[in-house]
Structure formats: structure tokens, C-alpha cells
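Step one of this worksheet: look at the structure below.
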Amino acid sequence: KLLLLETHEGLGSAYVVQNRLELDVARGAEVTRIVLVDEPEDAISITQAQVRVEAGGSYRQTVIATGAKLQRLETQVLHLAQGADVRLDGVYALSGARQCDLTSVVDHVAANGLTSQLTKGVVKDTARGVFQGKIIVERGADGTDARMQHQALILGERGEVDAKPELIIYADDVQCAHGNTVGNLDESALFYMQQRGIPADEARALLTQAFLIEVVDRIEYEGAREVVREWLTARL
Numbered sequence: 301k302l303l304l305l306e307t308h309e310g311l312g313s314a315y316v317v318q319n320r321l322e323l324d325v326a327r328g329a330e331v332t333r334i335v336l337v338d339e340p341e342d343a344i345s346i347t348q349a350q351v352r353v354e355a356g357g358s359y360r361q362t363v364i365a366t367g368a369k370l371q372r373l374e375t376q377v378l379h380l381a382q383g384a385d386v387r388l389d390g391v392y393a394l395s396g397a398r399q400c401d402l403t404s405v406v407d408h409v410a411a412n413g414l415t416s417q418l419t420k421g422v423v424k425d426t427a428r429g430v431f432q433g434k435i436i437v438e439r440g441a442d443g444t445d446a447r448m449q450h451q452a453l454i455l456g457e458r459g460e461v462d463a464k465p466e467l468i469i470y471a472d473d474v475q476c477a478h479g480n481t482v483g484n485l486d487e488s489a490l491f492y493m494q495q496r497g498i499p500a501d502e503a504r505a506l507l508t509q510a511f512l513i514e515v516v517d518r519i520e521y522e523g524a525r526e527v528v529r530e531w532l533t534a535r536l
């Protein structure tokens, strides 16, 4: 088992950076990767990960990002052998003029693979969030169970969210689904909280936090989960 915690942080003037990770998850191995990205508003960064999962291997990934001038986090996962189990989760919490692009491609080339993907985002001001998720099920990858969900909130009138979930399926005996929703905070919930004495700004903050924390709660390591929860809450 391996727990990998990455932090990508920068201070000072603008910069350009590219990071690349190649990871092989061996037969029966379990890898959890958590990536926390908090960069200056004028930074440009590209982070890429290429992951190959062998038979019975498990790969869990959670990416949480606050955006930059141009920020892209790209993950490519290959189900190399039967029974690989993959979870790809993400959060983007953007304000100001920040931008963040979470892109993933998961390729099932072997039978009985599992993929579960949940991405949530919140954009304020003139920020822009991008989600591009693609799951491919190749011929012969029967028994695949792949599910992808993206949900986002736009807090204001000038924010932007662009989402492109895709399923490309060449096999017959599979269970696959994807969903995408973009909206605003629940006005009835806001009203309910204000009626009970919670100020409007605090009510919005609590609802936003509850919306995003669902992704954090999927982290299986309790200690890491609490670290990520505190990190995210401090930046909302």
C-alpha cells in the first residue's frame, strides 16, 4: 500500500511550471494519491499523471485545486489487466479571474474493471472551471463498471463552467453512466438557514463547504481526509 500526498504551491511573481508523474500499480497493489494545488493567480501550470493499473490493483486519486492564470491537471489511466479498480475524484474552488481545467482519460482494455469518478466545482467572480472526462471501454473489456459524475455551482452572474463528460463504448456487457449538472445554491436552503438566525454570507459558505466536502469524504485514510478537509476549508 502507498499513500502519496502532493502539494503544489508557489509564492511571489508569476511562473510557468510543468510536472509529470508516471505510476505503475502492480498486481494487487493499492495506491492512494492526493494532490493539493494552491498557486498564485498569475501562475501557469500543467500537471500530468500517467497511471497503469495491473490485475487486482487499486488506484485512488483526489485532486483539489484553487486555480491560476492557466492551470491544467491531466490524468490518464490505463486498466491493463482484469479486475483493476480506479477512483478519480476532484474539486476546483475558484475565485477572482482564476481558471482551472481538470481533464482525465480512463481506458478500459481488460475485463471486469471498475471506475468511479466524482468531480465538484465552485466558481465565483469571473473565474472559469473546466471539466473534461473521457472513459473508453475497448472491445473485450466485458464486465466493466464505469461511472462519472460532475457537479458545479456558479456563485454569481459572471462565472463560467465548461463540462464535457464522454463515454466511448465498444463492448456490450458493461454498466456505464455519466452525469453533469451546473447550477446555483439552493435558495430554499439559504432561506431556511437565515430564518434560523444564520447570516446570509455564513449560510452560503456553509452550503458551499457541504457541497464540496462530499468529495473529501471519499478519501479512505482518516488522517489524510482530515488534512484535506482543513486545507480546503481554509481556502473557501
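Position in the sequence shown counted from 1, then plus 300, gives you this note's numbering.
Note that the Cβ used here is the ideal one computed from N, Cα and C, for glycine as well.
Please read these numbers as outputs of a predicted model, since none were measured by experiment.
Within its own chain, the residues whose Cβ lies closer than 6 Å to the Cβ of residue 436, once the five positions on either side in sequence are excluded, are 407 and 468, listed in chain order.
Counting other Cβ atoms within 10 Å of its Cβ, residue 496 stays below 16 and is therefore classed as exposed. In this structure residue 364 is not in contact with residue 507, their Cβ atoms being roughly 18 Å apart against a cut-off of 8 Å.
Beta-carbon to beta-carbon, residue 518 and residue 418 are separated by about 7 Å, close enough to satisfy the 8 Å threshold. Distances from the alpha-carbon of residue 413 to those of 486, 391, 354 and 450 put 354 closest. Comparing alpha carbon positions, the residue from 452, 471, 416 and 516 closest to residue 439 is 471. Excluding residues up to 5 positions away in sequence, 447 lie with their Cβ nearer than 7 Å to the Cβ of residue 477 in the same chain. Just measuring C-alpha positions, the residue of 373, 347, 434 and 427 sitting nearest residue 460 is 427. Looking at the DSSP output, residue 473 bridges to nothing. Taking a 10 Å sphere around the C-beta of residue 475, we find fewer than 16 other C-beta atoms and assign the residue as exposed. Residue 442 carries a coil assignment under DSSP once its states are collapsed to helix, strand and coil. Taking residue 366 as the centre and dropping the five residues before and after it, the same chain places the C-beta of 338, 393 and 535 closer than 6 Å to its C-beta, in chain order. In the pairwise beta carbon analysis, the segment 339-358 is classified as touching the segment 314-322: at least three pairs are separated by under 8 Å. Using a 10 angstroms sphere on the CB of residue 385, the tally of other CB atoms reaches 16 or more, which defines it as buried.
The beta carbons of residue 332 and residue 352 sit no closer together than 8 Å. The C-beta distance from residue 453 to residue 480 rounds to 13 Å, too long to fall under 8 Å, and the pair is not in contact. Pairing residue 382 with residue 405 gives a Cβ-Cβ distance that is not under 8 Å.
Residue pairing from DSSP places residue 422 in a beta bridge opposite 393 and 453. Counted as a single uninterrupted DSSP element, the beta strand (DSSP E) harbouring residue 358 occupies residues 358-365. In the DSSP assignment, residue 412 forms no beta bridge with any residue.
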